[in-house]
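Written below as structure tokens is the structure these notes are about.
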Amino acid sequence: MINIVAICGSLRKDSYNKKLLEAIKHESNDQWDVTFVEIDELPLFNEDLEIGGDPEEVSDFKKKLKDADGILIVTPEYNSGIPGGLKNALDWASRPVRSSFFLNLPVALAGATPGSLGTALSQMQLRQILVAMNANVLSAPKVLVGEVHKKIDLETRQVTDHRTLSHLKSFINAFTEFVEMYRKD
Ligand code: FNR
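For the sequence shown, the working numbering assigns the number 16 to the initial residue and increments by one for each residue that follows.
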């Protein structure tokens with residue numbers, strides 16, 4: 016069993032991306048122990064705040080990342096990029112640079128949108144940010160769920176599209192192998 020810390024870039028209650036994250040957790044339950052970490056209580060990153068030591072919300076957030084063997088980020092695309100709240104969380108997590116939790120950490124990305132491009136542009140930007148943080152980002156398979164409203168049951172709010180579910184299985188297996196490659200123990 017590997018410890019996966021999951022972050023969702025959408026803060027809204029009925030988020031499609033939260034549903035996708037739940038589906039990944041469900042499909043991975045024999046391989047991953049998934050812990051969700053919320054990012055909506057984090058203050059806006061400010062170096063002046065950091066000088067006085069991490070605010071409580073930030074040190075709680077960092078503590079939750081500490082035991083991760085790998086990180087899963089599931090995020091929507093906002094204006095062809097990642098949501099501001101997610102960038103804020105990553106900026107906090109990237110500090111201090113030399114002991115950032117993301118240093119050499121395996122990271123996998125996934126995203127869903129009612130649009131047709133499946134968050135391709137936001138994942139491209141997210142990949143660039145994570146590379147700057149010296150994280151190890153899984154290249155493939157990519158999880159880009161377009162037209163997500165047709166792939167989720169609106170009543171149960173579960174992913175029902177069989178092709179998507181089977182793709183998630185391949186993604187989970189690939190990330191498991193990727194994490195095992197970097198695992199320290
Ligand atoms: C969006 N949306 C969107 N979708 C997309 O595919 N590309 C984009 O660039 C954008 N831009 C964008 C900007 C802003 C500010 C909002 C609020 C929305 C639509 C977006 O994919 C849709 O609202 C999703 O449902 C958001 O994800 P969650 O909250 O359902 O997980």
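The C-beta atom is built at its ideal place from N, Cα and C for all residues, glycine as well.
So is V84 buried or exposed if we call it buried at 16+ other beta carbons inside 10 Å?
Residue 84 is actually Asp in this sequence, not Val. Under a 10 Å Cβ-count criterion, D84 is classified as buried, with 16 or more other Cβ atoms of the shown protein chains found around its own Cβ.
Closest to R27 by C-alpha separation, out of N61, L132, P98, N149, would be which residue?
The closest CA to that of R27, considering only N61, L132, P98, N149, is found on P98.
Run the CB neighbour count on M148, radius 10 Å, all protein chains shown included, and call it buried at 16 or more, exposed below.
Under this definition M148 is a buried residue.
So, with DSSP's three-state summary, where would you put G99?
Reduced to three states, the DSSP call for G99 is helix.
Residue of S109, E192, D45, E71 minimising C-alpha distance to S154
Minimum Cα distance to S154 is reached at E192.
Quick one: any contact between the stretch 42-58 and the stretch 111-128, if contact means 3 or more CB pairs under 8 Å?
Output reads no: the stretch 111-128 does not touch the stretch 42-58.
Going by DSSP, what residue range makes up the alpha helix (DSSP H) through N32?
31-42 is the span of the alpha helix (DSSP H), which, as asked, contains N32.
What are the complete beta strand (DSSP E) segments, minimum 3 residues, inside the stretch 80-149?
Listed in chain order, the complete beta strand (DSSP E) runs (minimum 3 residues) inside the stretch 80-149 are 85-89, 121-127.
Where does L180 sit, in a helix, a strand or coil, going by DSSP?
In the structure shown, L180 sits in a helix (DSSP, three-state: H, G or I).
Selection from S95, A108, S109, W107 that minimises the alpha carbon distance to Q140
Nearest to Q140 by alpha-carbon distance, out of S95, A108, S109, W107, is S95.
Is the closest heavy atom of ligand 2 to the C-beta of R27 under 7 Å?
This structure lacks ligand 2; the ligands present are ligand 1.
Mark G100 as exposed unless 16 or more other C-beta atoms lie within 10 angstroms of its C-beta, in which case mark it buried.
By the 16-neighbour rule on beta-carbons within 10 angstroms, G100 is buried.
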